[in-house]
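Below is one structure, written out as structure tokens; the observations come after it.
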Amino acid sequence: MTEEAKWYVVHTYSGYENKVATNLETIVENRKLQDWIKEIRVPTETVVEIKDNKKREVERKIFPGYVLVKMVMTDESWYVVRNTRGCTGFVGPNGKPVPLTEEEVAALGVEKREVEVNYKVGDTVHIVDGPLENFSGVVEEIDLEKNKVRVTISMFGRETPVELELDQAELME
């Protein structure tokens, strides 16, 4: 069994996602399993819904019927999650839990990665990753919320704005 906590996807009855998450949090609290089961999330997004000509912001589940659990997989933690009321099992072949990969976790936006940015608007940066690797450009805009930076590079004699992830650019020394 692995000692590092990883994200797993738990299948629930549809509409029971929040109930399963709450039940699981209560069990973790009561049995003092915080070392094994670290985080429980029901991924949601805020969408604008127009109903009767009125705009409303509604929180909607991104994956109905699923709850994400960051846990250290042991027989006990598996048993606790698997036997939570409303839970139908883990996602994986034959119900065997398969952890999400780093790429999947990043794509789902489950964990916010803090990126140290050592450059600011107006600085010249060097692109260190992606299709424009080894190009240089000037930072036009930094959006920490979206983890994006807009850099203007010179390509084929033209100034071209490109949008990159924050960690794809480094300050030129």
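Numbering-wise, the sequence shown is residues 21 to 193 according to our numbering. Think of the CB as a built atom: it goes at the ideal place given N, C-alpha and C, for glycine as much as any other residue. Only a predicted model underlies this, so the values are computations on that prediction, with no experimental measurement involved.
Taking residue i as the reference, which of the options has the closest Cα?
i	options	result
LYS90	ALA25, GLN188, THR32	ALA25
TRP27	ASN114, GLU59, ILE47, ASP95	GLU59
SER97	PHE110, GLY106, LYS140	PHE110
VAL92	ASP72, GLU23, TYR99	GLU23
Name the DSSP bridge partner or partners of residue i?
i	result
LYS81	THR64
ASP163	LYS168
MET175	ARG178
Please classify residue i as buried or exposed, where buried requires at least 16 neighbouring CB atoms within 10 angstroms.
i	result
GLY142	exposed
MET175	exposed
MET21	Note that MET21 has pLDDT 46, beneath the 50 cutoff, so the model's placement of it is unreliable and no number is given.
Verify whether the separation of the beta carbon atoms of residue i and residue j is less than 8 Å.
i	j	result
GLN188	VAL148	yes
LEU184	GLY150	yes
ASN43	VAL62	no
LEU191	ASN138	yes
VAL30	VAL101	yes
THR32	VAL78	no
GLU160	ARG170	yes
VAL40	THR94	no
Decide yes or no for the touch test of the region 154-161 against the region 55-71: beta carbon pairs closer than 8 Å, at least 3 of them. no
Please confirm if the region 114-121 is in contact with the region 43-53, defined as three or more CB-CB distances below 8 Å between the two stretches. no
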